[in-house]
Structures are given as C-alpha cells and as structure tokens.
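A.B. asks:
Numbering (this note's numbering), first residue to last: 706 to 1056.
(1) When you compare the region 991 to 1006 with the region 835 to 855, are there three or more beta-carbon pairs, one atom per stretch, that lie closer than 8 Å?
(2) Which of the three DSSP states, helix, strand or coil, is assigned to residue 808?
(3) What is the C-beta distance between residue 815 and residue 1036, in whole angstroms, given that I count them as a contact (C-beta under 8 Å)?
(4) Going by the CB atoms, is the gap between residue 956 and residue 742 shorter than 7 Å?
(5) Can you tell me the Cα-Cα spacing of residue 846 and residue 807, whole angstroms?
(6) Of the residues 746, 795, 712, which one's Cα is nearest the Cα of residue 927?
(7) Considering residue 948, what are the terminal residues of the alpha helix (DSSP H) in which it resides?
(8) By a C-beta neighbour count over all protein chains shown, 10 Å radius and 16 as the cutoff for buried, is residue 730 buried or exposed?
(9) Does residue 712 come out as helix, strand or coil in the three-state DSSP assignment?
(10) Indicate the three-state DSSP secondary structure (helix, strand or coil) for residue 898 in the structure shown.
(11) Whose C-beta lies closer than 6 Å to the C-beta of residue 968 among residues of the same chain, with five residues either side of it excluded?
(12) Would the region 938 to 958 count as touching the region 759 to 768 if we require 3 or more Cβ pairs under 8 Å?
(13) Give the DSSP-derived three-state secondary structure of residue 903 in the structure shown.
(14) Which residue comes first and which comes last in the alpha helix (DSSP H) that contains residue 736?
(15) By the 10 Å Cβ neighbour count, where 16 or more other Cβ atoms means buried, how is residue 980 classified, buried or exposed?
(16) Taking the alpha helix (DSSP H) that residue 746 falls in, what are its first and last residues?
(17) Once the 5 residues before and after residue 757 are set aside, which same chain residues still bring their CB inside 7 Å of it?
(18) What does residue 723 pair with, by DSSP beta-bridge criteria?
(19) Please list the terminal residues of the continuous alpha helix (DSSP H) segment that includes residue 777.
(20) List the DSSP bridge partners of residue 940.
(21) Rounded to whole angstroms, how far is the Cβ of residue 849 from the Cβ of residue 1042, which I believe are closer than 8 Å?
(22) Quick one: what does DSSP say residue 986 is sitting in, helix, strand or coil?
(23) Would you tell me roughly how many angstroms separate the C-alpha atoms of residue 888 and residue 990, rounded to the nearest one?
Structure, rendered in structure tokens:
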C-alpha cells in the first residue's frame, strides 16, 4: 500500500500564509490610517495573533493524532455538544465567505487579464454583469468542491502556488518600494514624522471611535489561522513541525504587515495616490489595484521614463497584482472549503 504523503514544514507554512496573510490588508491599512496603522497591526499581533498561534501550537502538539482539529480540542476540553455547535457555526461563517469570494474572485482575474475590472460589463446568456458574476460563482464553487473531494494532495499543490504567488507579491511591493526610494535618493513619497505614526491622513479616521474601529480591521487581518488546526494529523512529525510552522508563520506575517505598510510610504503620497491619481472612485475593493498601479507609475517616473511609458508600467504592475491575488484567493478557497468540513465530519462521533 502506498504510504500517504504528509505536509512538510515548508508546505504547512505556505498553507498558513495563504490562509491568513492578506496582501490587500497592507494597502487597505495604509489607505485608512497611513503610517498610523502600523501601531495597531503590531498591537493586534502581540495581543491576539501571537498568543492565539501559541495556543494553537500547544493544542496541535497535544492532539497530534486527532483528525477532528478544533472539534476534538473543544470536545476534550468542554464537551461534544459545545464542540459541534462551535465548529458548525465556524463552518457556516466560511460558507458566507465562500459565496462572497466566489463572485468577487473574478475581479482580480479581470485585472490580471485586461488591466482593469470588466466584470460589470460582461454578459452570459443575456444576463447582466451582476447575474453573470453569480453564475460564475456557482461554477467556481462546484469546481472547487470537485477538486477538494480528491483529497489533500491536490489541495496542497494549489495552496503552495497561492502561497508562493502572494509571497512574491510582497517581494514586488518591498523591493519595488526600496528601488523607488533609492532612485529618489532616500526621499519618501509620504513624509515620515512622529505625528504620522499616531494620526491618520484620512479625514474619516480622526476620532477615537473611528480609530478603535480600525483595531477590529487589524484583528481581522490575522484571521484564518484556526483553519489549519485540522491538518495536525496530516503533518509530518506533527509534535515538532506543527508548532514550529505556526510560530514561524505568525512572526513572518506580523513583521510582513508592518514592513509592507511602511514601504508603502516610499512610493505612495497619500493625498496624490488616493485623491488625484485614479479617475475611479476609491473603495476598499479596488484601492489595492490603484496603489499598485501607482507604484508602477512612480517606478517609471523614478527611472525617468516618458509619462506614457510610466502609465504602461503601472498598468502591468496592476495586472500582475490581479493575477497574483487570483492565485492567492484560489489557494485560500481550497484550504477553507476543505479544512473546516474535514474537522466537522471527522471530529463528530457517528451517533
């Protein structure tokens, strides 16, 4: 009988990275709070994400042979009924997420292919743009379900691609930002002052209530780590590998967010990028593409390219962003459609 291949440390880290790290969370944070978002992201990491990761590591090591993931952990800690209700509610929340992303995932793909979002103007079988997106979402979820039913090996390959894509996107952001900074002789596009780290340039985030509302956003940026809890029994040498993978991922993700937000300031003057650069209305849905388009544009200007060429560079960076986000969301989709259901089914007693 062929021995079942288990998750290595690298594959586990990529799966966690794909499930948790949201590249757009960097740009959205900068859009909402500027440099001021760094403090809140670090605070959320120290008070929520890292402690949660350590707890997950301890449970993973203690229940290394458990197939039910967080269901088994709660059943042993409290009781099976509590565990079933909690796990079912958790899975139901991801159903909502999948329905939302099942239609929204076509926007980054459209950006990757055309350089702009064309989903609102497409039409299938006489349906309008929104209805066509719904139809594509149905087909997408059916396809994901079919592939997921083939087991973890298929999912592992896809999440590895998704994790690599989003990791490379961060490399593009950080390296691109540093190159622009070097070409501009160390001049940050957004001035670095003490006040910039405590006050938002966004007029909507000036009051204490609005700033605290951003903390909720910062905590949400670290969501998804619990999904890998059901993969403990699928991990090679789980007692050692699982805690190490979770810990490494947690630290890299927390540092990655903070560094990414700061580097945004190297090429993104907040006022220019979010009020003058784009003709489109800036929303949380499209701000990442606007910002990366601006990065390409600023790189072109820093290289003293003609204006038209700089605009073209920005368009291609936006396309790369769209393709990478499509791959990353695909990887997250596979993990989130498989892991919660696996924990619910394999953890729950037959009766």
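Don't be surprised by glycine CBs; every beta carbon is placed ideally from N, CA and C.
C.D. replies: Here's the rundown:
(1) no
(2) helix
(3) Actually they are not in contact, since the Cβ atoms of residue 815 and residue 1036 sit about 19 Å apart, beyond 8 Å.
(4) no
(5) 7 Å
(6) 746
(7) 943 to 972
(8) buried
(9) strand
(10) coil
(11) 879, 882
(12) yes
(13) coil
(14) 728 to 738
(15) exposed
(16) 742 to 749
(17) 930
(18) None; residue 723 has no bridge partner.
(19) 775 to 782
(20) 712
(21) 5 Å
(22) coil
(23) 30 Å
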